[in-house]
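Read in full-length UniProt numbering, the sequence shown has 61 at position 61, and its numbers run on one by one without any break.
Shown next, in structure tokens, is the structure this report addresses.
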Amino acid sequence: MCVLQPKLAQRVTEEVYKHAIETLNPCPTDSIPLYLNKAALIGLPKTCSRHNTPSRAHSLSSMIKASLVGGNGSASNENIVIVCEKPCVFALGCAVARVFPLYDRKSLNKSVDGAKSRTVNVEFLLVKKDDCSVYTADKACLSTQELECLQDAATAIRNTARLIDMPTNELHTDAFVEEAKVIATELGITPVVIKGEELKTRGFGGLYSVGKAAEHPPALVVLSHRPPGAKKNIAWVGKGIVFDTGGLSMKTKETMPGMKGDMGGAAAILNAFYLAVKQGFKENLHAILCIAENSVGPLSTRPDDVIIMYSKKSVEVNNTDAEGRLVVGDGVVYAKNDLQCDIIVDMCTLTSAQLVSTGKNHGAVLTNSEQYEKWSVDAGRASGDLVFPIVFTPEFHFPEFTSAVADMKNSVANRNNATSSCAGLWIMSQLGFDFPGVWVHFDMGGPSTVGERASGYGVSLLNTLFGKLSCSKLLNEISRKRNVILTSCCVNTLHSNHLDGSMSSSLFSRSFSRSRVLLDFLYPVKVFTGERALSVQFITLRTFASKYDSLTDKMSNTVLKFHPGGGNLIASDPQTNPVIILGQLPHLEAVPYSTLKSKLAPRVTEEIFQQALETLNPSPTDSIPLYLQKATILCLPKTCSRHNTPSRAHSLTKLIKTSHIGGNGSQPNENILVVCEKRDVFALGCAVAKAFPLYSRKSSSKSTNADGSKKEPRIVNVEFLTVSKTGGEFALDQAPLTAQEIGCLQDAVTAIRNTARLVDTPANELHTDAFVEEAKAIANELGITPVIIQGEELKQKGFGGIYGVGKASEHPPALVVLSHRPPGASKNIAWVGKGIVFDTGGLSIKSKTGMCCMKRDCGGAAGILNAFYLAVKQGFTENLHAVLCLAENSVGPLSTRPDDVLIMYSKKSVEINNTDAEGRLVLADGVVYAKNDLGCDVIVDMATLTGAQGIATGKYHSAVLTNSEQFEKLSVEAGKVSGELVFPIVYTPEFHFSEFSSAVADMKNSVADRGNAQSSCAGLFIMSHLGFDFPGAWVHLDIASPAELGERATGYGVALLNTMFGSLSSSDLLKGIAPNPE
């Protein structure tokens, strides 16, 4: 580590550094915090595919973005040290530049006069393979010229991205011309500018017709570099549509945002030219920018118009949104005819089909030269700007542009016939397919942006592709290797090096730069004086390989164990038992280090812990690594809105999932310590449970070994430290949780994880018969004999809704009832759950995309079953009934049809007008059973009922519809306390129930107007079977959105129901948090 000591000394010991090296397992990437959030070790992926760049440039960019140096940073002077082979220096230097965009209009980041610039210093430590293929330190340093090349490349890449990120009200065509003039002036070049009506006069029909309707005129801008002794004429041509409305073939409101980036080709060409000239390009090089705005107005080119291109060829316009080829078509012909170029490269954000063809990381290359196709691919791998070929067959594809009145149309007849190739071939057709020179077309719409930011794609690609013609040693060397497959460089192996020499030059300090981030590419600095012995460190990678037989188990191997906490925490060493400490900042500050010492010492000192607390700034959340990837403080948001839970339960779940303990974990014994107020213990305990789902069919998650023996479980210990406010300040409570409280939490976790397991289980495993068996298992554990009405018995007993929905399925529908009747009970309460184990939509069948994840349509019944389990285990003091309405809404000869009339258990008739509105049918039978057969006066139904719920109340809040104002308030308050949020929807039967009017039956099952409070209507259908004059309380919870998060079930409903009815529990923990029912 001696070479890194000046960077890490005093804060990171050699022992910690070595532990970090041993811990790294970059698959695909990995990082290890070395000191708070101020020093980190990042390992790039161990392997990459043959179509990727051996430098792993994309991974480097993404990891720096996510690191402590990425984004806006926190310090004025920061450092990045890259360890790599010499051939990867250029690609990785460019990758660093992509991380720090220049354009920024955020008020907080505004650069003002006198504001201190943020400097990010970038240094390289070089390694090389010896004769035994072992990496050793390379004593050679980067030369001044090489560092200047990197600095110029960073300038060019960041400026490319800046131009693309700028909105068109700032970067219109006139402004783009001025940008080109600024670069021309810096390079000592006089540009050629042909603009506005002069374009029309000189025959640039494509460029003029696209831009003539805009406020700012179109322009052709040419920058030419003509060094002495040059023999070749090379042109780089860029599409510069500063905004693309689509013209009269207008884009939709969804597809028009982001069209400021349609000038990405011209931005890249301009700045690639800048870099090439700065680095001494040896041949004649011309940058041709085809600049226009594809606007809409009285002067717009119309479909059916015929335009004459600069090539003299005629084009019948059949799509004004295929404009890029028109402007670039003029540009390449200018390069051929006026500049006599025999190598012409065009670069465009041309087609969305490029993404379909080559993806978002690879640009598409189309060329008439096999040699340049190969060179382009190799240049992409060497530079990090990846490229992949698309088919070049004019004889197959150019007929797509056939016109009856002109030489060609401008858009294809068949959009499924190699659209990207067709678009490129259209451009080449202007040169002529017999063009004797080299033509290369790059379609780079996908890789030109990453997320909502431009990537600066194209600059490094072009300069690598033509690097042999550069005076730059760095470019020349990587270009000369383009005929050789680059060996995979071990960039994740860290080596030491002699550190000598120094250089610093600010990057991109022009006046139009808005960002205050300056990148300095440095020699490894000379201020580290004295000779240093080489001390080579190698990463030891831990690999795991297991052979499994056929999968037999479906459960995660993770076990959550709750412990009392308080002043006597379980002693553990973070090195072997990783720990995360969570809480709101004021709560964390109330805990002295002495209380946590048993969890942190000797790895984390009191000084480090206090510095971590001072560093925390939770907005909205924050985390500080205390020791490698083994001990971390996670801070919950400082504030929350009035409709959120004060516990911040959702944030806690998310933080745990993304922490080193989340997911499958890495150690057999891990620890979570939650610091909170006593009122939040239940909500946060349940939130912990949601971070550890049970169901898994992944081979790596098997809980048995290859020989069939059971694996040792992964234990996650959960402890609580509670705090309370005294005199305006929080102080630590000394009393631990009681055994009863721990028992309640443990039962709650079991119930929540089991709910999520049922919802995550696919219907080929959890069909209706299997769900019945799950209910029986819980009934057996609770000492209850369930009532099961299944199959034809449902029909005989009049359950027309459940039977009508499920009769077509292989497995019969069922009504399952579990009843808890404690001595002395006087109230009858029913919880009714929708249990559609899979919903095809029936004959009103869902689309192929709408049908996925319909295994989760049993979320209501799963939540009810397990909420009942928790309530009974915790001594529910009144009569409680879980009513599960189970069916699969399948398709077959027995399917209920639209127009069928069903007689419900309520004796009311329903005309079916939508078989995909099935949940309300089964629930209607369930609630009437609760009323008539069980004599319940409080009935709660819970269902993943409508997609409209997400529109109405969002993905975190369920919708509550009830005939009781008291229960509406109770539900909302219980949601805040439990962490399972609820928000009311309108209850006005007089306005909404008429949506179900039928001419032949008492009602239809689906609304006439889907825009009329659809979630309320669906709930009211259920209530109508009880009767709107039902004297008891009815509560309907539509949980369609909060029942899942991402691709996982959340276990929603268990905590909510047990909090809502907590006053009827024997559990002190539940009674303590239950809202006042009065």
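From the three backbone atoms N, C-alpha and C, an ideal C-beta is built for every residue, glycine too.
Source: prediction; values computed, not measured.
Considering only their Cβ atoms, is the gap separating residue j from residue i smaller than 8 Å?
i: Leu634; j: Asp747; result: no
i: Thr944; j: Ile1039; result: yes
i: Thr632; j: Ile580; result: yes
i: Pro180; j: Leu275; result: The sequence given here places Ala at residue 180; Pro does not occur at that position. Not in contact: Ala180 and Leu275 (Cβ atoms no closer than 8 Å).
i: Tyr1052; j: Gly835; result: no
i: Ala649; j: Leu626; result: no
i: Val177; j: Val221; result: yes
i: Leu884; j: Ile864; result: yes
i: residue 1080; j: Leu350; result: No answer is possible for residue 1080: it lies beyond the span of the chain, which begins at 1 and ends at 1078.
i: Ala689; j: Ile752; result: yes
i: Gly979; j: Thr750; result: no
i: Met555; j: Leu694; result: yes
i: Gly359; j: Val387; result: no
i: Ser420; j: Ser357; result: yes
i: Ala952; j: Thr1059; result: no
According to DSSP, is residue i part of a helix, a strand, or is it coil?
i: Arg158; result: helix
i: Thr595; result: helix
i: Gln10; result: coil
i: His992; result: helix
i: Ile845; result: coil
i: Asp1068; result: helix
i: Arg453; result: strand
i: Gly467; result: helix
i: Asp152; result: helix
i: Lys931; result: helix
i: Cys290; result: strand
i: Val3; result: helix
i: Asp760; result: helix
i: Glu918; result: coil
i: Tyr627; result: strand
In chain order, what residues of the same chain have a beta carbon less than 6 Å from the beta carbon of residue i, not counting five sequence neighbours either side?
i: Gly456; result: Arg98, Ile157, Thr160 and Ala161
i: Ser906; result: Val928 and His1025
i: Ala454; result: Ala161, Ile164 and Asp165
i: Lys657; result: Ala691
i: Lys654; result: none
i: Asp174; result: His216
i: Gly297; result: Ala213
i: Ser331; result: Checking the sequence shown, residue 331 turns out to be Gly, not Ser. Contacts found: Val237, Ile288 and Cys290.
Apart from the five residues just before and just after residue i, which ones in its own chain have a Cβ nearer than 7 Å to its Cβ?
i: Ser295; result: Ala213, Ala214 and Thr245
i: Phe868; result: Leu818, Trp831, Leu880 and Ala882
i: Gly467; result: Leu475, Asn476, Ile478 and Ser479
i: Ala322; result: Asn410 and Ser411
i: Ser249; result: Pro303, Asn319, Thr320 and Asp321
i: Ile968; result: Inspection of the sequence shows that residue 968 is occupied by Glu rather than by Ile. Excluding residues within five positions, the ones whose Cβ falls inside 7 Å are Val960, Thr962 and Pro984.
Could you pull the DSSP bridge partners for residue i from this structure?
i: Met347; result: Gly238 and Phe442
i: Asn879; result: Asn828
i: Trp1034; result: Ile939
i: Asn233; result: Asn284
i: Glu911; result: Val901 and Lys1004
i: Tyr35; result: Ala39
i: Gln790; result: Ala814
i: Asp839; result: Asn889
i: Gln584; result: Leu636
Looking only at its own chain, which residues have a Cβ that is under 8 Å from the Cβ of residue i, when we skip the five neighbours before and after it?
i: Val12; result: Leu34, Tyr35 and Ala39
Does any C-beta atom of chain D lie closer than 8 Å to the C-beta of residue i?
i: Phe562; result: Included in the structure is just one protein chain, with no chain D present.
Can you list the beta strand (DSSP E) stretches of 3 or more residues lying completely in the stretch 641-715, in chain order?
669-677
In chain order, each beta strand (DSSP E) run of at least 3 residues that lies wholly inside the stretch 80-135:
118-129
Unbroken beta strand (DSSP E) runs of length 3 or more, entirely within the stretch 169-221: which are they?
192-195
Minimum length 4: unbroken alpha helix (DSSP H) runs contained in the stretch 315-369:
324-337 and 353-358
Can you check the stretch 374-421 for any beta strand (DSSP E) of at least 3 residues that lies completely inside it and give the ranges in chain order?
387-389
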